[in-house]
Structure formats: structure tokens, C-alpha cells
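Heads up, the thing below is written out as C-alpha cells.
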Amino acid sequence: MKKKLNACYCRRQWPKKMLRVMKIGFFLLVLGLTSVHATTFSQQKVNLNVKNVTLLHVLDLLQEQSEFSFLFSSEDVKNVTNLSVKAKNEDLFEVLRRCLQGTALSFEVNGDLVVLKLQAKTGEPEKKTLKVKGFVFDAKKLSMPGVTVKVVGTSIGTVTDARGWFQILLPMTHGKLEFSFVGYKSKQVDFTEKVDTLRVMLEENIEELEGVVVTGMFTRKAESFTGSASTFKREDILRAGNQNLIKSLKNLDPAFQISENLEFGSDPNRMPDVQLRGQTSFANVRGDYEGNPNQPLFILDGFETTIEKVFDLDMNRVASVTLLKDAAAKAIYGSKAGNGVVVIETVRPKSGELRVYYSGDFGIEAPDLTSYDLMNAEEKLAYEVKIGMYSPDTHPGIITAHQSYKKVYDDVQRGVNTYWLSKPLHVGFSNKHSLTLEGGDEQMRYQFGVSYNSVSGVMKESGRNTLNANTTLSYTYRNLLFRNTIEFTRNWSKNSPYGSFAEYTSLNPYWAPYDDEGNLNRVFLVHSGKDDNTSYSDIEVYNPLYNATLNTKDESNYTEIRDNFSMDWNISGALRVVGGFSYSRQENGADIYYPKNHTKFIHYDENGMSDRKGQYTKKDGYSENIAVQAGLNFNKTLGEHLFFANLTWNIATSNSRSTSTVGEGFGNDSMDDLSFATKYEKNGKPTGNNGKMREVGVIGALNYAYANRYLFDASIRKSASSVYGSDTRWGTFWSLGIGWNIYHEKFLEGNNWLTNFKLRASMGYTGTQNVDPAQARYRYDYYDYSYGDMIGAQLVALANNKLKWQRNMDYNFGADIAIQRLLTLRAEYYIQVTDDLLSDISLPPSNGFTSYKENLGKIENRGFELAVALTPWRNEKQHAYVTFTATALHNENKIKKIYDIFKNSNDAQNSSLEETYDGYIRDTEVLKKYLNKYTKPATLYYEGCSMTAIWGMRSLGIDPATGQEMFLTKEGKSTYTWSAAEQVVVGDQTPKLSGTIGINAGYKGFTLSVACSYKLGGDLYNSSLIARMENVNGYENLDRRILKAWQKPGDISPYKATIINGDAENGFTKPTSRFVQKNNELYVSSVNVGYDFVGAKWLKKVALQRLKLSFYMNELLRLSSVDIERGTSYPFARNFSFSLQATF
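According to UniProt numbering, numbering within the sequence shown proceeds without interruption in unit steps and concludes at 1144.
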């Protein structure tokens, strides 16, 4: 039997109570609900006026005008033709009886279903009918609305309702029902007259779920896709960690890389530096760019978003993440896709009865100080004596030297041994909560969610708190789908009042933080010896704990409102129109206050600046973004030919504004508001910045597949942007891709072991656009004074009307292999050439400007990716499996072409390294100034070299006779003199191989996941070792390895002796190969164990459908070939958390 129109769903086309969309605004779009009063079935009136038509056509018209669905066999009605019916406001059933007169058909009404059947012939028993009902649910015992239920061998069918139930009247007494749903395995179940109620469980079809690629503009079948893309579902992301989405992606894909920040460690308010497949811009020209120039583009539910939004996103809202890597995958984003694209899709509301989802994480942040090996009080005092810090040479006389030693010795003997590293730290307690309510029917679906994430950092009083509320309404009317999401996010961030962690690592352990009366010591005195080789004086070292007791403030916040609206009009099976609109506004603020008694103002009195004590910095700003896009999709299969085409138009505008004001001169520490300032910052004034950017683009994409074997992809995008020169606003970006599904070839027919074997290749142009919006324009600064009633302005930057897009040319070759559910393998080889880089071109001084912006420079990245997953054991009945995963990335970076601005930059950095300081550096602040220059190698750029090359002089080691370092010049000669001109490449930070290793296992509800990352073959310049070993003055705490330093002639040591008096220049260690070390690392990023109470009978008794408990250990263990202090300004941390997921 066959049921026309919506018969496959076996539901009324117009339900008794229907929800309608009342208003769809252009900016903030609100969907309203209106009830339609019920009408009784017995009063259904219809109007017909047809001639010589088929019964099939009449039934279509009757269904359109009524509340009923019609069930019939197409074989029974196809021969009823030449019907002429005229009816005006007549009863539906009377009209239907007239149409069936003279035929062998009759009908009966069952609820809202009209069943047409053949009348039994005379002498024959009437055919029996059977009413079958049942309930469909998934493996988690959750009801499944919208499941298709069909009689095998016929077209008779229905769908499950919002509660997962179905009911169907069948003209037979036995047979088989087939149950099917997208993403689940189909299942056939027998039925007979004896069956009362069927209960059917459907299992997820993992292969089908993974069989699509979401690009953010449209969804493509993975089987016919020729691009390079990695897709991860919500379960994959949560298995890889529960801290934030960005860290989980790092644990899943080797191409998604986060630059480890050895200075700021686990600072919860520090945004990560992310890149996909290497660097495409120069690291030291960030002034030309907005944010990180190597950062990929982030797309959230079809629209561009910020990394901060992704960082704060509730992970429970994420349905999937797709990384678009090559041109065939990312070229549809054109000018912004050069660094790769990260497409994030959030969970869509599902129909059914009201369901409540709750997720809670309760964790601790424990400081990781394993990389620090500092001296204790006894060791430090003994070392100071050993190097002569208490000799008459460093004091006015032997008595003074003895008194200095005696004071420290007595403190050590009475037990002073302060572990300063623990003073600003604590174990932070963090918690996350996510609550979601969803439900609805097939027409209207709703989802309401609220989440709160509180992260307490390991530095005392530092933290980050994020509150989010969101609602999604989805309405379907026939073949139209409307969806609207409104979201509100509020974030508060606070930095620690305890200052930088580096201040504590340098304090001597024999100093007590409190005096004998329990009062905080504000200053520690160090008898430092000669000042400028002529006199003796003390150094004042300030206790950073003192500042933490003051009324300081270092806070920031943002508030974001976002509205995303989308529309999907399925015109026919082949043609659909999609469109969307997005509006977002984010308001930012920051307040930094140092009261007048802060130690940073301690010298203001002697410098005649006592009226400027106290400082308040206030920053405010906002960003506003509007985007609109509309597209037409064509998807058609003609025999063995599959066609997919897309045409999309988009337009976007963004505005931003920021202001900053610094006030000074506060009467007392309680005046913690800018309004109490008596003056602006010295030589300063309020500053501000605003920017506008507009863009428009037209995108075309085409995919063709023949016999699902031979694949072809093409796309082109034409974009215009206001950030480039007026002569080059438009840019063209394109891609071509081909693929071959070998496993569909005839010579492999009949094999049941090879489930995927695809070869693919692609090429194309994309661009990058993380640039300053005013980069190509004339720019002016206003003067601080006026002439008469006019204020003048001066030109500060030249325009370049020909400044154009920075372009990436991508080549990618890949292979995908799958052997049943046992093994999957993905291999990629890529070449990425970035051309027309933004650079400064030097100008003669006579022009009045030293440089202007131009497109000059070329960078090349090339390498390969591997990803393999092996599942040697699987048992479906016991929900048991073991899967091993491994990935690898090798990337080589090379500068192909640069211009004179980089020569000037290189010369400036080398000149800085050659600067000298007359006399012995005793002052800690002056010492830090020089340490910042000498401790780390300069970033130099030369053609043919890597952008991550480490530059320095080649070292021959420490001369045992003199204790001085010996160097090797470019000509191969040895020397004791360091020279910037003799620097060469002594290492490269980029590892030869990096990737991930993991294991996922489950057994009867128990789960185990381990995610590790590794780096092999790269180099690291151990700058923190220099800061603790050689570029020191001896008056701060030191690394224990300094005990191995050279002391006397004949000593064999890798380190120079500490010089506490004499020529400072000879004492400094400048960039040298001696501190370049091989960086081989294994990092246990995340371990989690859990138990899912699937099928537990007691769940229903406590109104639960599902409950899962997990325990996470993040950043658990690090094994490295390099001993380096990590987290010098903010420590790293280990995270331990308990997670609960429940469905009501």
C-alpha cells in the first residue's frame, strides 16, 4: 500500500493544535507561538471542482484540505480514473463515498487516519486488518521520535511520535516491520496477531555518523569529498579532556597546534596561540595584524567567531568540530581561510517529551613546580660564601663583611628556610555546570540552556568565570525550516594581586616574609658591594607579599549578545535554499589599580613625583558584527551520476572601538576609582582606537561523482574587503580537487573487508585577513594643543592603494583506508606557499617617513600528516571495545623571499645584543633589563632559513683554564669574543615529528580514555637555565645546577662561574649553541575513567533516563629531555576533576 504526500510519516498534515511563527525580524528575531483551535473530524468540509482526473489526484486534494491522512495501496487506486467531482462546502466523507461509487474500494476511519481497502468479493471472507503499536528507544533507553516504521516489501509506513510511540493499521495479520533513523542501524522485527506492543531498540551506526563533512556553509558526504578535513564528535572531544574545547582539539589532531607558553603556564586568562599546519606570517610583525596572524578562522554555527568565544564555550553544547585544512575544504571561506578553518556545530534541539540534561564538573587546579630545583637556605648561604660574597672586596671592611654573614647565618640557624614558591600559590577549586531543557514535536522544537564555568587559577585570587544562557527555537512548516538561537555570555576575569611568579622564584630562602612580631617585612636589604666600582651601598629587594595586602585591582570583563537565524527551504528533493543572519555585540572592560603605597611608587618621593603616587588604568570598548548569507543548493542523482552544486552570497560588516585612560595621584589606597585621580599619566592622555571593516563575497561550489568512484570538486570565491587598497579591493580564491574511491571498483567487488580506500588530491588559492583595518589608508594623529579654536593633525602613515590580499597556494595529496571496523588510516602530504606577505618597505628620510606597507615576501610550509586507529577487540553485546589511536605531523618551514625591512629588523636586534654596560650591575631592575636582551636569542629572518630557527654563536664549551666560553666563528676560528655578526643557525624549534597517542576502551558501562602528545627532534633554547645559572649577580636564589659551574683552573664544567664583581659585559652569556638542547617530550595530556549506568533498573525509580560518572586527570605527566623552568610568570598546573552527566 502507498500513502501519498506525508503518508510515510502517517501523521496529520494539520494537527489540532498548531504552533506558528509570528514574527521573523531582520536583526533580533523572535519566534512566537499561536494556538489554532481544534475542529472536529465530523465537520470536515471540502471544496472540489475537477474533471477527468485520477482518484490519486482527488485524494491529494482532500488531504490538503482536511485534518486526515490517507492510507492506501497504489495498486488498488491506480486504475480509478476519469473522475469528475464538484463539491462546495460538502462533508469530506460524503465526497469520498461519491468518488468510490462503482469501484471495488471502500474506506474506514481510524482516528485521524482514513484507510482505503478493496471490498471483499461475494463468497469470500473479508480481509482482516491488524493494529500494531510499539515503542522505539536507543541504547541509553531514551525515546526516539521521528523513526520511520515500514512494512517490509510494501510502501505502508508511519513514524514514531514525540514520545517514541507508533501505531499503524495494517491489512495483514503477520509480517515484518523495518525501523530506520538517520545515524542508526536499521532493524527488522516480526509481528503477528499475538503481538500486543513492540519494544524496539536501535543502535548507533558509527560509520554513518562519520560519513559527512560539515563545512559551515553546507554538509557534504565524506565519501565524495576530496578535501582534507578531520571531524570529531562530542564524545571524541570529551574523551580528550574536559577543560576547554581548544585543549581537547590539540589532543585529537596533530595539525591543530598550541604554542606552549613557558612564561604564562596555566594562566586562565591567557588566550592560547593556535595554528594549523605551521606559520604563514612573521611573528615579530604583529603590529601589522589584528591578534595572532597565524590563527585559523573559527566558525560557530555557520558564522565567524573569536578564539575567546571558543575558549569560553560550554563543551556540552558542542555537537561536532571539523578542521578544514586544504584548499578543497576551506576555499569557500576565501580571504580568511589561509590559516585553516575550525567549524563548530552546536547541539540542535530534538523533538519528544521534555528532557533535562545536566552536566557538572568539580575539580582542583594543583600547581606543578616539578621543573624548579632551587637552593634551600643552607645551600644558598654556603654557595655565597664559596664565591666570595662575604669577602672584604664586596664590603667596606672585614668587620662589615662578617656582620653581613653573621646576620644571614643566624637566621639560617634559627630555622629560616622560606619556600617562596608556595607563598602566592594555592590549590584552586573549579566547577562547571550545564543545564539544558529540550523537547517539542515534529514542527516546533525548543532548547533552553544555561551554563556556568568558574576556574580558580593556582595563583591566589586569580580566576575566570563565565556565565552563558542560550535558547534555540526550531520550526518546521511543510518543507520550510526556521531556526533561531539567542545567546547571552558574561565573563569576569581577575589576575592575581600577588604579582608575577618570577618575583618569588628569585627571593632568597633565608629571608623571612614576617618579622618576629608577625608583621609583613616590606623590604629586604642586600649588601651588594661596590656601586660603579667606587662606593658601597645596599640593594632594596621588596617583598611581593606586601603588595597583595593592598587594595589592588586587576580585572577585566566582557558581555556578549549573539543572535543567529537560519532558514532552510527544501524546494524539492534536489533543490534547496538556505540562508542566515547573525548579529553579535561584545562590550569589553578592564580596570587596573595600584594604590599609592604599592612598591612600584617607592622611589617617587626622591624623584619629586610624590603627587603622582597611585595609578588607575581603565579600558573600555566594544565590537559589533553583522553578517548575512544566502545560498542555493542543488543535489541530484541521475543513474550513476551524482551532482552537488552550491551558490552562496554573503555580506558582513564589523565595527570596533576602544578607549584607554590612565590616571595618577590618589589620596589614599581606598580611592579605587578613576574619578579620584588628580592628573593624567605623566606625558600621557586618554587614547582610543576605532575600526570598521566591510566585506562581500560570492561563492560557487561544484561536486561531481561518477558511480561513486571518480570524484571531482571545484569552488571559486570572489571577495571584496575594505581593509585593502582601493585599487585591489577584490580578490579571487579557488580550488580544484579530484578523488578515486578504489574500493568501489569492479575488481574489488565482493570483498567484505575493505570498507574504504580513497585517493585524493587538491590545489587552490586562499587568503589571510587578520590585518589592521586601516593598514592601506592614510592615518593622522591629532596634536595635543590647539591654535585658536582649531586642532591640528599630522600624517603618521602613508596609504597604499595597491595593497592586496595575502595569498596561500595549497597543494594536498591524501589517502583514506578503512578495513571494516578494525583499522582506519589517513595519510596527507601538503605544500603551502604564502605569497604577497605584508611587509614594510624602507623609504629615504627625505620622504618624511621611514617605511610604508607593501605586499612582499614568501613563506613555504610542507610536510605530512598520519592518523591511524586500530580496534583489535569489540563486543557489541557487552558494549566492549579497545581502540588504539596515533597521529603524526612533520612540518618544514622556509622563508623563500624577504625584503629590506627584515634586514633593518635583523640589524636592530643584533645591535641591541652588542650594547654594553659600564661597570658592575648590582641593581636588580637594571639586571633584568639586560637579561631580557641577552637571555633569549634574537628572532632573525633570512631567506632560505626557517622562521623558527634559533640563532647564536657556535660554542666550543668552557675553557678549563680560564673559565671563559670559547666560540667558533663562521670561518672556523676559535675566539673568546662573542659577536652578533658571527651568529649562525644553531637549532630549530619546530620538531621533526609531533603528534598524539591514545587509547579508548569500554566494557559493560566502564570506560577508559588516555590522550598523550609527543614531540621529537626539535630544539629548545634553555633561556631559564641561563637566567638561573650565568646571567645572574648572585644576590637572588639560584638553580642547584650552579654548583657544577666552573670555579678554578682545571675544572671541567658546562657552565661559567658566577661573577659577583668586575666587568659585567664579560659576565653576560649571549645567544650560544651551548644552551640549545634537543627537545624530545611525552606529555600525558588527559586520562579519564568513567561508568555509564546504561540499563540500570533503579534509574527510573529516581526519575533518571541516564547517568554517567567520570574522573579526569589533565596535564598529568610530562617527560622531557630538557630541564627547563616552566611557567616563570604563572605556573603550570595539574587538573583533577569529577564529572557527572545526567538525563531526566
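For every residue, glycine included, the Cβ atom is placed at its ideal position computed from N, Cα and C.
Beyond the five residues adjoining it in sequence on each side, glutamine 279 comes within less than 8 angstroms, by CB distance, of Asn294, Ile859, Asn861, Asn893, Met947, Thr948 in the same chain, given in chain order. In the three-state DSSP reduction, phenylalanine 448 falls in the strand class (E or B). Just so you know, the alpha carbons of glycine 963 and alanine 329 end up roughly 58 angstroms apart. Alanine 401: not part of any beta strand (DSSP E); member of the alpha helix (DSSP H) spanning 398-413, first to last residue. The segment 437-452 and the segment 468-477 touch, with no fewer than 3 CB-CB distances between them shorter than 8 angstroms. For methionine 1029, the uninterrupted alpha helix (DSSP H) run begins and ends at 1023-1029, by DSSP.
Judged by beta-carbon spacing, valine 147 lies beyond the 8 angstroms limit of valine 132, meaning their Cβ atoms are not closer than that value. The straight-line gap separating the alpha-carbon atoms of proline 349 and threonine 1143 is approximately 14 angstroms. Rounded to the nearest angstrom, the Cβ distance from asparagine 251 to alanine 1011 is 4 angstroms, consistent with a contact under 8 angstroms. An exposed status is given to arginine 414, since fewer than 16 other beta-carbon atoms sit within 10 Å of its beta-carbon. Membership of glutamate 624 in any alpha helix (DSSP H) is not indicated; the residue belongs instead to the beta strand (DSSP E) covering 615-638.
C-alpha of serine 451 to C-alpha of lysine 619: approximately 27 angstroms in a straight line. Nearest to glycine 995 by alpha-carbon distance, out of Ser66, Leu276, Ser266, is Leu276. In the DSSP assignment, aspartate 91 falls within the unbroken beta strand (DSSP E) covering 83-91. Leucine 313 sits buried, since 16 or more C-beta atoms from the chains shown fall within 10 Å of its C-beta.
Sequence-distant Cβ neighbours of glutamine 447 in its own chain, meaning closer than 6 angstroms and more than five residues away, are Pro349, Glu438, Thr472. In this structure, alanine 652 sits near glutamate 695, with a CB-CB distance shorter than 8 angstroms. Residue burial annotation: valine 1102 is exposed, with fewer than 16 other C-beta atoms found within 10 angstroms of its C-beta. A straight-line Cα-Cα distance of about 55 angstroms links glutamine 1077 and glycine 750. Going by DSSP, aspartate 784 is part of no alpha helix (DSSP H) but of the beta strand (DSSP E) stretching over 779-787. Per the C-alpha coordinates, the member of Ser1073, Arg270, Asn479 positioned closest to tryptophan 978 is Ser1073. In this structure, arginine 1040 sits away from methionine 1029, with a CB-CB distance that is not shorter than 8 angstroms.
Residue pairing by DSSP puts phenylalanine 864 in a beta bridge opposite Tyr829, His890.
For the pair lysine 150 and aspartate 91, the CB atoms are not nearer than the 8 angstroms cut-off. It is roughly 25 angstroms from the alpha-carbon of asparagine 904 to the alpha-carbon of tyrosine 724. From the listed residues Thr678, Val526, Asn339, Lys1100, the smallest Cα separation to threonine 400 is found for Val526. Taking a cut-off of 8 angstroms on C-beta distances, the segment 46-55 touches the segment 80-87, as three or more cross pairs fall below it. Non-local C-beta neighbours of proline 272 in its own chain, meaning closer than 6 angstroms and more than five positions away in sequence, comprise Ile246, Ile258, ordered along the chain. Only residues of its own chain outside the window of five on either side were considered, and among them Pro268, Asn269, Val455, Ser493 have a CB closer than 6 angstroms to the CB of arginine 464, listed in chain order.
Here serine 248 has Ile237, Ala240, Gly241 as same chain residues with Cβ atoms under 6 angstroms from its own Cβ, once five neighbours each way along the sequence are excluded. Remark: C-beta atoms of glycine 1017 and leucine 1038 do not approach each other more closely than 8 angstroms. For a cut-off of 8 angstroms, the C-beta gap from proline 595 to aspartate 554 is around 12 angstroms, too long to register as a contact. Taking C-beta separations shorter than 8 angstroms and ignoring five residues to either side along the sequence, the partners of valine 58 in its chain run Leu48, Val50, Leu83, Val85, Cys99, following chain order. Contact between asparagine 543 and proline 513 is confirmed by a C-beta separation of about 6 angstroms, below the 8 angstroms threshold. In this structure, tyrosine 1035 and tryptophan 1046 do not form a Cβ contact; the two beta carbons are roughly 20 angstroms apart against a cut-off of 8 angstroms.
Here arginine 576 has Asp568, Trp569, Asn570, Asn633 as same chain residues with Cβ atoms under 7 angstroms from its own Cβ, once five neighbours each way along the sequence are excluded.
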